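In our numbering, the protein residues as written are -8 to 226.
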């Protein structure tokens, strides 16, 4: 449900030049794109869930980056962020992903029979391999903007979907905040467990709020299919 962000409205009492961040020593994609004029154009805008320009750029302000390492410098709080703040995010995405345009589309093929290669790997050197992907659930804000209740709702929905799987995908969910010592030790030994974010890039984006509430790990019984819930992505 849309709501007003009164703190953001309060900032509008100050002139653009008084609120515009000092990015003179920053090395990230956001700092390359964000000018004082663009900041002035976008600073009074917000998504229906209340995500603002300053929310988008805060992690990039707090973390200037390294002269030899170009970081992104911004995050999206919900899917609407990509439309409301497109004047900032479109150039950042293009710069980060080698010219990826707003009109470009990701090609999706979920037919596993079309996967090629991998059967010629030398077993003397390759013990195992894995495929990893991150997904977001439509209709929910993204992890930097999740409330506690929304994060728990995402966890609940994920558990319901995952526990409905049968056959080779049948498994169990392990919530981080209530797993036993034995379960934790086993997940560590299996190299499955993920830790609380400590990188300033993530903590300044709100990714560690309420940890470990609403987070967990699900895997199938034979440990070949693993899902992290509410880590850096919904799934």
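The C-beta atom is built at its ideal place from N, Cα and C for all residues, glycine as well. Just so it is clear, the structure is predicted and the values come from calculations on it, not from any experiment.
Asked: For residue 175, the residue or residues it bridges with in DSSP; Found: BP columns for residue 175 are empty, so no partner.
Asked: Any alpha helix (DSSP H) of 4 or more consecutive residues that is wholly inside the segment 75 to 160; Found: 77 to 87 and 139 to 153
Asked: Segment contact flag, the segment 13 to 22 with the segment 54 to 66, C-beta cutoff 8 Å, min 3 pairs; Found: yes
Asked: Three-state secondary structure (DSSP) of residue 194; Found: helix
Asked: Beta-carbon proximity list for residue -6, same chain, < 7 Å, skipping 5 on both sides; Found: Its pLDDT being 49, under 50, residue -6 is placed unreliably in this model, and the value from its coordinates should be taken loosely. Contacts found: 41.
Asked: Distance between residue 134 and residue -8 (C-alpha atoms, nearest Å); Found: Legend: pLDDT at residue -8 = 37, less than 50; position of this residue unreliable, no value from coordinates given.
Asked: Coarse secondary structure for residue 214, derived from DSSP in three states; Found: coil
Asked: Where residue 18 falls: helix, strand or coil (DSSP); Found: coil
Asked: Residue 153 beta carbon less than 8 Å from that of residue 79; Found: no
Asked: Sub-8 Å separation of residue 211 and residue 162 beta-carbons; Found: yes
Asked: Closest by C-alpha distance to residue 183, when choosing among 196, 218, 151 and 156; Found: 218
Asked: CA-to-CA distance, residue 213 to residue 228, given in whole angstroms; Found: This structure cannot settle anything about residue 228, because the visible part of the chain is limited to -8 through 226.
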